[in-house]
Amino acid sequence: MKYSTFPVQKITKSKLSSVNFDDLKFGRDFSDHMLLVEYKNGAWETPQILPYQPLEFSPAASVFHYGQAIFEGLKAHKNEAGEIFVFRADENLKRLNSSATRMCMPHIPKGIFLDGLKQLIELDREWIPVGPGMSLYLRPFMVADDPFLGVKPSGSYKFMIITSPSASYYTGAVKVKIETHYSRAAVGGIGAAKAAGNYAASLLPAKKAQEEGFDQLIWTDAQSHEFIEESGTMNLMIVKGNTLLTPPLEGKTILPGITRKSILQLAEEWGYEVIERRISVNELTEGIEDHSIDEVFGVGTAATIAPIAAIGFEEKLLKLTDFTQWKFSTKVKQYLEDLKTGKIADTHNWIEVL
Ligand code: COI
């Protein structure tokens with residue numbers, strides 16, 4: 000695969016042998032190299048590939064004070080034959096640039112994002128773990144760099160990509176609580192942007208839910224808390240017979256997930272009726288109680304599919320059936336896994352092979 004290459008400063012000694020690949024977690028270990036490019040005077044400079052290292056920032060850098068920070072997440076998979084597969088990276092670039100627009104930050108050119116990713120992946124290809132649920136998690140991100148305390152959009156930025164050999168985000172099914180006090184995002188806010196602040200705001204409510212024995216939350220709309228939105232860091236989907244339901248993106252309170260978009264397309268192709276509409280908390284809880292809902296699961300890059308085992312609402316704990324028997328989520332999880340490791344043909348043109 001041809002792509003532009005950027006200047007590289009290679010590490011002198013790889014850290015690869017210090018990482019236990021039999022005990023990988025999500026996002027804990029980092030590979031040898033990173034990409035860094037600076038935005039100054041209205042233009043991106045030449046990207047550099049450097050040894051993974053701490054960076055220098057002014058303590059006044061505006062990211063530390065006013066939070067202009069956005070990120071993406073995607074994965075590179077490797078099969079036994081050593082081929083590398085990257086899933087829909089162009090969609091991550093689109094979303095990054097849409098987050099940049101909302102956060103008043105400059106767009107990243109395709110050449111920097113896609114070529115930088117490929118060069119970094121090739122350089123650290125030994126870091127890509129092989130096996131079920133394993134991947135090199137790729138984390139592109141941009142932060143504001145002006146050393147200035149006035150509240151205004153920064154004039155300088157750093158865009159970086161770091162990579163992390165990782166296992167799945169969740170293992171097994173999750174227990175979630177319907178959150179009816181805190182909100183993730185309000186209409187007119189930044190919920191549709193992959194902005195660092197959205198994740199910071201989720202920490203306290205998630206911690207409280209964890210103290211009550213849950214893994215994560217189901218967020219509800221900020222205005223009425225009557226409609227479900229996302230689950231933790233994932234989009235939420237429900238299967239009722241032959242229908243796949245998910246909350247809509249129009250209100251811009253929900254992150255437009257790439258796994259979400261792919262699954263909706265696949266479901267339609269497989270003959271499911273796909274409906275994006277508001278789903279009330281009542282519809283969800285009653286549907287679990289009267290067994291009209293067959294499957295409830297979160298979808299996202301890090302987790303792919305996270306089946307929900309139980310949902311806490313008010314004083315009740317509503318239990319779902321055994322997720323290993325679920326037809327749709329089991330099939331789509333397997334399909335995406337097979338696609339991302341080259342086991343089945345890429346009929347949608349979603350995969351780039353390196
Ligand atoms: C993803 O699944 O894409 C995420 O954004 C999760 C990440 C924040 C760990």
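When we follow numbering that gives the first Met the number 0, the leftmost residue of the sequence shown carries the number 0, and every step to the right adds one.
All C-beta atoms, glycine included, are put in the ideal place defined by N, C-alpha and C.
I need the straight-line Cα distance from Tyr-156 to Phe-327, nearest angstrom please. 43 Å
Heavy atom of the ligand COI less than 7 Å from the Cβ of Ala-305, yes or no? no
According to DSSP, Ala-305 sits in a beta bridge with which residue or residues? Gly-297
Contact check, Leu-243 vs Met-233 under 8 Å by CB: the rounded distance? 15 Å between Cβ atoms; not a contact.
Rounded to the nearest angstrom, how far is the Cβ of Ser-30 from that of Thr-162, given a contact under 8 Å? 5 Å
Mind checking whether Ala-192 and Ile-69 have CB atoms under 8 Å apart? yes
Can you tell me the Cα-Cα spacing of Ser-134 and Thr-300, whole angstroms? 11 Å
For Ile-292 and Lys-239, believed in contact at Cβ under 8 Å, the rounded distance: 6 Å
Within 5 Å of the ligand COI: residues by beta-carbon to any heavy atom: Gly-72, Thr-232, Gly-299, Thr-300, Ala-301
Test item: CB-CB of Ala-308 and Phe-296 under 8 Å: no
Specify the secondary structure class of Ile-83 as computed by DSSP and reduced to three states. strand
Residue range of the unbroken beta strand (DSSP E) whose run includes His-76: 73-77
Tell me, please, which residues DSSP counts as bridged to Pro-50. His-32
Buried or exposed: which applies to Phe-86, given that a residue is buried once 16 or more other Cβ atoms fall within 10 Å of its Cβ? buried
Nearest CA to the CA of Lys-176: which residue from Gly-196, Thr-170, Lys-207? Lys-207
Exposure label - Glu-211; buried when at least 16 CB within 10 Å: exposed
With DSSP run on the structure shown, which of helix, strand or coil describes Trp-137? Here residue 137 is Leu; the residue named in the question, Trp, does not match the sequence. Three-state DSSP puts Leu-137 in a strand.
Between which two residues does the alpha helix (DSSP H) harbouring Thr-245 extend? Not the alpha helix (DSSP H): Thr-245 falls in the beta strand (DSSP E), residues 242-245.
Quick one: grab the DSSP three-state call for Ser-230. strand
Taking the alpha-carbon of Ile-343 as reference, which of Asp-220, Phe-84, Thr-320, Leu-316 has the nearest alpha-carbon? Phe-84
Can you tell me the Cα-Cα spacing of Leu-54 and Tyr-334, whole angstroms? 40 Å
Cβ contact check for the region 66-81 and the region 31-43: 3 or more pairs under 8 Å: no
Between Pro-58, Phe-213, Ile-253, Pro-164, which has its C-alpha nearest Asp-21's C-alpha? Pro-164
Could you check whether Pro-128 and Ile-160 sit closer than 8 Å to each other, using their CB atoms as the reference points? no
Determine the contact status of Val-273 and Leu-263, defining contact as a CB-CB distance below 8 Å. yes
On the three-state DSSP scale, how would you describe Ala-68? strand
I'd like the span of the beta strand (DSSP E) that includes Val-331, first residue to last. Segment 326-339 is the alpha helix (DSSP H) holding Val-331; no beta strand (DSSP E) there.
I think Ser-182 touches Ala-221, with their Cβ atoms under 8 Å apart; what is that distance to the nearest whole Å? 4 Å
Assumed close pair Arg-277, Phe-226 - CB separation to whole angstroms, cut-off 8 Å: 5 Å
Beta carbon of Val-186 nearer than 8 Å to that of Thr-252: yes
Within 10 angstroms of the Cβ of Ala-59, are there 16 or more other Cβ atoms? Answer buried if so, exposed if not. exposed
Give the C-beta separation of His-32 and Tyr-51 to the nearest angstrom, bearing in mind that I take them to be a contact with Cβ-Cβ under 8 Å. 6 Å
With DSSP as the reference, label Ile-257 as helix, strand or coil. helix
Going by DSSP, which residues form a beta bridge with Ala-60? Pro-146
Cα-Cα, which of Pro-255, His-290, Leu-353, Trp-269 is closest to Asn-91? Pro-255
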